[in-house]
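S.K.:
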Amino acid sequence: MTHFDPATYSKKTTSGTQSGGCLFSVYTPLLAVIAASVVLAISLSQMGIASSAPLQASWGDAQIAPFFSPGVQYWYEKIATWSQKWGLDPNLVATVMQIESCGDPDALSGAGAMGLFQVMPYHFAAGEDPYKSGTNAMRGLSYLKNALEARGGDVRLGLAGYNTGISGAKGPESAWPGETVRYVYWGVGIYSEAQKGETQSDRLDEWLAYGGASLCSQAAKNLGIIP
Numbered sequence: 025m026t027h028f029d030p031a032t033y034s035k036k037t038t039s040g041t042q043s044g045g046c047l048f049s050v051y052t053p054l055l056a057v058i059a060a061s062v063v064l065a066i067s068l069s070q071m072g073i074a075s076s077a078p079l080q081a082s083w084g085d086a087q088i089a090p091f092f093s094p095g096v097q098y099w100y101e102k103i104a105t106w107s108q109k110w111g112l113d114p115n116l117v118a119t120v121m122q123i124e125s126c127g128d129p130d131a132l133s134g135a136g137a138m139g140l141f142q143v144m145p146y147h148f149a150a151g152e153d154p155y156k157s158g159t160n161a162m163r164g165l166s167y168l169k170n171a172l173e174a175r176g177g178d179v180r181l182g183l184a185g186y187n188t189g190i191s192g193a194k195g196p197e198s199a200w201p202g203e204t205v206r207y208v209y210w211g212v213g214i215y216s217e218a219q220k221g222e223t224q225s226d227r228l229d230e231w232l233a234y235g236g237a238s239l240c241s242q243a244a245k246n247l248g249i250i251p
């Protein structure tokens with residue numbers, strides 16, 4: 025799996041032809057003003073990745089935190105259904121959707137990941153539509169469940185596995201790609217605030233400021249939930 029990175033976000037082409045699998049060439053890079061050296065200089069400790077008490081996924085009720093973006097809230101009924109089917113916390117599912125696509129079913133990444141949960145093409149069977157929400161959720165959430173189970177339910181390590189691959193996440197954290205470090209930073213922060221019952225997420229606000237707001241604006245337009 026890969027995820028939304030503001031510098032590489034893509035949208036499904038409408039012509040039926042996908043450049044490089046998913047490159048959305050007309051989407052303006054969102055982080056042009058942020059020096060790459062600054063991003064890459066953020067260490068694991070600076071981003072708060074290390075934790076002496078691993079965050080564990082846990083079941084709450086079927087509701088998701090109110091701070092998730094409108095594009096994610098749009099899917100709340102489906103999130104409840106999918107969470108029950110795959111035995112996942114709805115707030116964790118919402119967190120992954122938030123940082124993967126912000127609820128845009130047509131989202132594409134520069135790496136080729138598609139749909140709500142940014143699933144790579146090779147996870148789909150022949151004839152499956154990666155952009156069909158139920159199919160995308162089936163492939164994405166089954167992988168998320170496997171990633172969590174592989175690391176004993178540790179959300180931090182499970183999210184790393186979802187992003188960089190279950191095998192890749194078993195290596196030392198110092199070897200994680202910068203994208204994975206950022207992914208875990210966003211995901212753990214947002215999910216922990218949802219678990220605590222917060223009505224506002226500072227980490228989500230940070231993600232939005234980092235570039236996620238443009239993705240969410242695109243998602244809302246594609247879903248028809250804003251003028």
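Just so you know, we're using the working numbering here: the sequence shown kicks off at 25 and counts up by one. Glycine included, every Cβ here is placed at the ideal spot set by N, Cα and C.
#1: Excluding the 5 residues preceding and the 5 following LEU140 in the sequence, name in chain order all residues of the same chain whose CB lies nearer than 8 Å to its CB.
#2: At the level of alpha carbons, what is the spacing between ASP9 and MET144?
#3: Answer yes or no: do LEU228 and ILE214 have a C-beta to C-beta separation smaller than 8 Å?
#4: Looking only at C-alpha atoms, which of VAL208, ILE190, PHE148 and HIS147 sits nearest to LEU116?
#5: Is it the case that the Cβ atoms of SER133 and CYS240 are separated by a distance below 8 Å?
#6: In three-state terms, what does DSSP make of GLY45?
#7: VAL212 and LEU183: beta carbons closer than 8 Å?
#8: According to DSSP, which residues form a beta bridge with MET138?
#9: When the Cα of THR188 is compared with those of GLY177, ASP178 and TRP200, which residue comes out closest?
#10: How would you label SER225, buried or exposed, when you count the other beta carbons within 10 angstroms and need 16 or more for buried?
#11: Tell me whether ASP153 sits in a helix, a strand or coil according to DSSP, three-state version.
#12: From SER166 to ALA89, what distance separates their C-alpha atoms?
#13: Just to confirm before moving on: does the CB-CB distance between ALA174 and GLY192 stay below 8 Å?
#14: Run the CB neighbour count on LYS245, radius 10 Å, all protein chains shown included, and call it buried at 16 or more, exposed below.
#15: Check whether the Cβ atoms of THR119 and ALA243 lie closer than 8 Å to each other.
#16: When you compare only the Cα positions, how much space is there between SER75 and LEU181?
#17: Determine the extent of the alpha helix (DSSP H) in which GLY202 is found, giving its start and end residues.
#18: Under 8 Å between the Cβ atoms of GLY95 and LEU232?
#19: When the Cα of PHE91 is compared with those of GLU222, TYR234 and GLY235, which residue comes out closest?
#20: In whole angstroms, what separates the C-alpha of GLU203 from that of ALA237?
#21: Note down, in chain order, each residue of its chain lying with its Cβ closer than 8 Å to the Cβ of ALA150, except the 5 sequence neighbours on either side.
#22: Starting from the Cα of VAL179, find the closest Cα among LEU112, THR105, TRP106 and PRO196 and give me that residue.
M.R.: In short:
#1: TRP99, MET121, GLU124, SER125, GLY127, ASP128, PRO129, ALA131, SER157, ASN160, ALA161 and GLY164
#2: The shown model of the chain, from 25 to 251, leaves out residue 9, and the question about it has no answer.
#3: yes
#4: Answer by Cα proximity: VAL208.
#5: The criterion of a C-beta distance shorter than 8 Å is not satisfied by SER133 and CYS240.
#6: Summary for GLY45: the model assigns pLDDT 29, below 50, so the residue's position carries little reliability, and this model does not support an answer.
#7: yes
#8: LEU132 and VAL143
#9: TRP200
#10: buried
#11: coil
#12: 22 Å
#13: Against a cut-off of 8 Å, the Cβ pair of GLY192 and ALA174 comes out as no contact.
#14: exposed
#15: No, Cβ-Cβ distance for THR119 and ALA243 is not below 8 Å.
#16: Note on SER75: pLDDT 44, under 50, position unreliable in the model; the coordinate value appears next. Roughly 11 Å between the two C-alpha positions.
#17: 202-219
#18: The answer is no: Cβ separation not under 8 Å.
#19: GLU222
#20: 18 Å
#21: none
#22: LEU112
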